[in-house]
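In this note's numbering, the protein residues as written are 89 to 414.
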């Protein structure tokens, strides 16, 4: 055996030190300890310029950022102290609980008198929507909770957040198409297959590593755009079948318009960063654009739920169960 020189030992120590820092996403262990140590409550949140670039999403939110925590445990602990993601986390976490309650309540109240005539497909499309809302909000809440873990974990939860959006979108389409073409089974199946294919493609470009490169950015954008705009086609088509006045009953057109308007308002608030664009730093904790967008998502989902209940009741009562008039 050949003894290693002090220089060799020093180089080995340097290599190990470099590897440790790289594995910790280039943040020193001192910073990790400060971020995680409960003895330093003043370090629980820091200003915008103190967090890494990958956490700097909105410069108009100037403070109350969690520093990188590098621990799921510490991310979960942050549920119980105030920072600029608190409302984002809790708005959709409570939204999940709300839809669990809605799903149970609906079965025993709204659907109870209809159960003798409900088909398996009626129940399936209803609870697919409820599940879609729960998945979307749980993914969103988890993303905002774990965004402070590390860059790699943050990027993984970003994809999960996108997956949740696709899930809610698909879940919202299914009952609309099912009842929109309740008497036209071929059209119903065709539209359901089409939106499923578009949804599957969107999930693929969101999750598959191959499609995450800048080269495919237009493909990713195109899939999300197609998924969002596709719904206009079956709604207009069904409207031509039932005509405008009756469409408010057969496919809950009023609720659909209300849902769409709520989503559009939420997206505009989010996109233009209202209200923090007018008063930077004044909405670090409460009422920031992303938080308002979250509330719009919950409200829109509830509006759509009411619309689905209305459609189910219309098509599964004695007066409207048969399709002879269409």
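Glycine is no exception: its CB is placed at the ideal position from the N, C-alpha and C atoms.
Item                                                                                                                                                                     : Value
Identify which residue in 131, 325, 147, 148 has its Cα closest to the Cα of residue 157.                                                                                : 131
According to DSSP, simplified to helix, strand and coil, what is residue 134?                                                                                            : strand
Going by alpha carbons, who is nearest to residue 323 out of 309, 342, 255?                                                                                              : 342
What number of angstroms, rounded off, separates the C-alpha of residue 192 from the C-alpha of residue 386?                                                             : 18 Å
Specify, as a first and last residue, the run of the alpha helix (DSSP H) that residue 379 falls within.                                                                 : 377-403
Compare the Cα-Cα distances from residue 391 to each of 203, 201, 237, 260 and report the closest residue.                                                               : 260
Between which two residues does the alpha helix (DSSP H) holding residue 249 run?                                                                                        : 239-268
Let me know the alpha helix (DSSP H) ranges lying completely inside the stretch 169-196, each 4 residues or longer, listed in chain order.                               : 174-196
Rounded to whole angstroms, what's the CA-CA distance from residue 308 to residue 299? Just pull it up for me.                                                           : 8 Å
Who are the Cβ neighbours of residue 398 in its own chain at under 6 Å, not counting the five residues just before and after it?                                         : 340
When you compare only the Cα positions, how much space is there between residue 127 and residue 155?                                                                     : Note that residue 127 scores a pLDDT of 40, beneath 50, so its modelled location is shaky; the value from the coordinates is reported in the next line. Going from the Cα of residue 127 to the Cα of residue 155 covers about 15 Å.
Is it the case that the Cβ atoms of residue 222 and residue 177 are separated by a distance below 9 Å?                                                                   : no
Starting from residue 153, follow its DSSP beta bridges and name the residues at the other end.                                                                          : 134
Hey, residue 279 and residue 265: beta-carbon distance below 9 Å or not?                                                                                                 : yes
Can you tell which of 163, 174, 251 has its C-alpha closest to the C-alpha of residue 371?                                                                               : 174
When DSSP labels each residue in this structure, what does residue 129 get in the three-state scheme?                                                                    : Note that residue 129 has pLDDT 45, beneath the 50 cutoff, so the model's placement of it is unreliable and the number below is only indicative. DSSP places residue 129 in helix when its eight states are reduced to three.
Quick check: what's the CA-CA separation for residue 120 versus residue 135?                                                                                             : At residue 120, the pLDDT of 46 sits below 50, so the modelled position is not reliable and the matter cannot be decided from this model.
Sort 366, 374, 411 by Cα distance to residue 329 and report the nearest one.                                                                                             : 411
Beta carbon of residue 245, beta carbon of residue 235: below 9 Å?                                                                                                       : yes
In chain order, what residues of the same chain have a beta carbon less than 7 Å from the beta carbon of residue 214, not counting five sequence neighbours either side? : 263, 396, 400
Beta carbon of residue 211, beta carbon of residue 199: below 9 Å?                                                                                                       : yes
Could you say which of 148, 141, 137 lies nearest to residue 366 if we only look at CA atoms?                                                                            : 148
Verify the contact flag: residue 231, CB atom, against every heavy atom of the ligand GTP, threshold strictly below 8 Å.                                                 : Of ligands this structure carries none, so the ligand GTP is not represented either.
By alpha-carbon positions, which one of 153, 181, 197 ends up nearest to residue 224?                                                                                    : 181
Would a C-beta distance cut-off of 9 Å place residue 369 and residue 151 closer than the cut-off?                                                                        : yes
To the nearest angstrom, how far is it from the Cα of residue 171 to the Cα of residue 165?                                                                              : 12 Å
Rank 204, 257, 163, 379 by C-alpha distance to the C-alpha of residue 313 and give the top, closest one.                                                                 : 257
Assuming contact is defined by CB atoms lying nearer than 9 Å, are residue 382 and residue 159 in contact in what I supplied?                                            : no
Between the C-alpha atoms of residue 353 and residue 247, what's the straight-line distance to the nearest angstrom?                                                     : 24 Å
Going by C-alpha distance, which of 348, 346, 376, 142 is nearest residue 358?                                                                                           : 376
Hey, how far is the Cα of residue 356 from the Cα of residue 310?                                                                                                        : 19 Å
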